[in-house]
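Presented below is the structure to which this report refers.
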Amino acid sequence: HDLRVGLVGAGRMGADHAVRVHERTSGARLVAVADPDLERAQQVAEGLGARATQDPYDVITASDVDALVIASPGAVHEPLLLAAIERGLPVLCEKPLTPDAESSLRVLEAEEKRGRHLVQVGFMRRFDAEYVELKRLLGSGELGRALLLHCAHRNPSSPPGFTSQMMVYDSVVHEFDTTRWLLDDEIAAVSVRAPRSTAQAPEGLLDPQLVTIETAGGVLVDVEIFVNCGFGYQVRCEAVGERGTALVGADRGPLVHRNGQWGGAVTADFRDRFGAAFDREFQRWADAARRGEVDNAGANAWDGYAAAAACEAGVRAQTAGQRTEVDLVERPDFYARS
Ligand code: ISE
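Start counting at 1 in the sequence shown, then tack on 3, and there's your number in the UniProt record's numbering.
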């Protein structure tokens, strides 16, 4: 039968994923949606053939749920993940795995104790066609060894309550993961500086920021995080190798000529820029779960922990205004590179 999917969290991401499972993930169907706001859970579940509940554990323990998607706020992920691991339920958990390294480690310990890989973390750029090609290019040696990555991560505007620290742990977290994944390397240190802030940003928000990532292998990655850029949603990465460069995310869609002008469109938000990546991530996750396996192309719990540790170092670097090393535990054999 189809993979019966339970969803915890019916906010913006959860609502998007509910439709993704129902309409664009073949061999899977949505059976239950949990959210503390029952009305919101009902709105998401309605029309998708799923039931709604306020209690996430109703979903996690339900006999008609084979796999779980977690799209609730990161602060509540840990107990949900531990319950799913306890039950042996495959989980696709939206980033972050958990908000900090210590709680992420508890998830790793639980999964290792269970003796089965069950957790995938929703770092969807690993499924973006351009990033996948960039990783192939870097791995092929055609550009020589990577020396630098130049990243720009631009959002049109920041939501109310979005803070300077969230720019690191909620936004640059994607560059922490793509750096590790593209380079097959760990992050050794993080530095954070900022120019004068844009007048378009809310009072007090350090926007943009310039985050420098040093990898254990000696690559330098600079990340411009700019969450009130105003013109659209743009995520780009240029890899600089010993024998060439490769740029992804520079432009999207058709080149338009009209009224004596030429140009193209900038995507409006991350669901637009990474919609196909999310769809591919979910399809591969569901296919693997139906086989009783995990998708090795996805980020696992170790990747979630390493991203959390890098975020902690990044926030400390921003606060202290100095280079901060990333403190990682020894990588267990259970999470050895595949
Ligand atoms: C958001 O949570 C995301 O994950 C988006 O990919 C990122 O661009 C945005 O800045 C984050 O707030």
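Yeah, the Cβ is synthetic: ideal placement off N, Cα and C, and Gly gets one too.
Between the alpha carbons of A44 and D61 lies a distance of about 13 Å.
The three-state secondary structure of Q45, taken from DSSP, is helix. In chain order, G9, L10, A48, A53, R54, A55, T56, D61, V62, A65, D67 and V68 place their CB closer than 8 Å to the CB of A35, counting only its own chain and leaving out the 5 sequence neighbours on each side.
The ligand ISE approaches N158 closely enough that one of its heavy atoms is under 8 Å from the residue's Cβ. Linking P76 to V176 through their CA atoms gives a straight-line distance of about 15 Å.
The continuous beta strand (DSSP E) containing G266 extends over residues Q264 to A268. The DSSP-derived three-state label of E241 is strand. Nearest C-alpha to E206 among Q286, P335, E145 and T166: T166. Around the beta carbon of A289, a 10 Å sphere encloses 16 or more other beta carbons of the protein chains shown; the residue is thus reported as buried.
In this structure A300 touches R287 by the C-beta definition: roughly 6 Å separates them, less than 8 Å. By the Cβ test, the stretch 307-326 is not in contact with the stretch 290-299, since fewer than three Cβ pairs between them sit closer than 8 Å.
Excluding its 5 nearest sequence neighbours in each direction, T182 has C-beta neighbours in its own chain below 6 Å: I216 and V224, listed in chain order.
Residue nearest to F277 within the set E333, T218, F130 and E315 is F130 (criterion: CA-CA distance). Going by DSSP, P82 is part of the alpha helix (DSSP H) stretching over H80 to R90. Per the coordinates, the alpha-carbon of S341 lies some 12 Å from the alpha-carbon of V297. In this structure, the CA atom of G256 is about 15 Å from the CA atom of F273. Under the DSSP assignment, P159 falls outside any alpha helix (DSSP H); it carries neither an H nor an E label.
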